[in-house]
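Undergrad:
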Amino acid sequence: MRSGLEAMEAKEYRKALERFDELVSKNPGDTDGWFLRAACQIKMGSATEAWKGLVEMDLAVETNRCSQCRGIGKCRECGGPGICIMCRGTKKCSYCGGQGSCPTCKGQRSDDCNHCKGSGECIRCLGTKECTYCKGFGHCQHCKGTGNCANCGGTGKGYRIDIGRISSEFRPLERWFG
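The numbering of the sequence shown is numbering that gives the first Met the number 0, which starts it at 0 and goes up by one.
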């Protein structure tokens, strides 16, 4: 468990998940291990798998509807298409239109330009021409391009963690679950 917690602290969630997978395979009744495993999955964008494991271990109960999407099942940010809300899937910087140059001075490197301060580069993408919101991938960063609610995985079902079955030191992580 210690190595998994250290990985979580370093925000290396994939590594932490591997450690917690090892932990619960050796001790299937370790509720803290299952909870920490699910917390890593939530951070990695795998909410459906996280809740499934918690429900199977009786650590979570289904509620009427997901609190994030209000039971619709669609991503709150993009509304369902799974594309970046800034570049609309083009992968290009929306501020400079994918040109990489300052739209105010047109890249002329004018010292009088209040935006780029004479650099001539776009102040948002810094000349990379890529959308900084989606990092040039074109998909919604919230739902990772699925279009589904990141909290319920698109099911519309809500869940509540039975926090009384989790050790008190890990209870603050409950906020990760939406």
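All C-beta atoms in this analysis are idealised placements derived from N, C-alpha and C, irrespective of residue type, glycine included.
What does DSSP give as the partner residue(s) for N113 in the beta ladder?
TA: Looking at the DSSP output, N113 shares a beta bridge with no other residue.
Undergrad: Give the straight-line distance between the Cα atoms of N150 and G52, rounded to the nearest whole angstrom.
TA: 14 Å
Undergrad: Please report how far the alpha carbon of C187 lies from the alpha carbon of S24, in whole angstroms.
TA: With the chain covering only 0 through 177, there is no way to say anything about residue 187.
Undergrad: Alpha carbon to alpha carbon, how far is A15 from D110?
TA: 49 Å
Undergrad: For G28, does the count of other Cβ atoms within 10 angstroms reach 16, so buried, or fall short, so exposed?
TA: exposed
Undergrad: Can we say the segment 72-90 touches the segment 124-140, given the rule of at least three CB pairs closer than 8 Å?
TA: yes
Undergrad: By a C-beta neighbour count over all protein chains shown, 10 Å radius and 16 as the cutoff for buried, is A9 buried or exposed?
TA: In this structure A9 is exposed. Its beta-carbon is surrounded by fewer than 16 other beta-carbon atoms within 10 angstroms.
Undergrad: Spatial neighbours of C95 within its chain, please: CB distance less than 8 Å, with the 5 preceding and 5 following residues excluded, ordered by chain position.
TA: C101, P102, C121, R123, C124 and K128
Undergrad: Leaving out five residues before and five after A46 in sequence, what residues of the same chain have Cβ atoms less than 6 Å from its Cβ?
TA: A149, N150 and G152
Undergrad: Please report the straight-line C-alpha distance between G106 and C115, rounded to a whole angstrom.
TA: 9 Å
Undergrad: Near R108, what residues of its chain come up, given a Cβ to Cβ distance below 6 Å and the 5 sequence neighbours on each side ignored?
TA: G117 and G119
Undergrad: Which of the three DSSP states is assigned to S100 in this structure?
TA: strand
Undergrad: Please identify the residue among G72, S93 and F169 whose C-alpha is closest to the C-alpha of T154.
TA: G72
Undergrad: Does DSSP put T62 in a helix, a strand or coil?
TA: Per DSSP, reduced to three states, the secondary structure at T62 is strand.
Undergrad: If you measure from the CB of K90, is any heavy atom of the ligand NAD nearer than 6 Å?
TA: With respect to the ligand NAD, the structure offers nothing, as it holds no ligand at all.
Undergrad: Could you check which residue in N26, M0, V60 and C74 has the C-alpha nearest to that of R44?
TA: In the sequence as presented, Arg is not what sits at residue 44; that position holds Gly. If we check each option's Cα against that of G44, C74 comes out closest.
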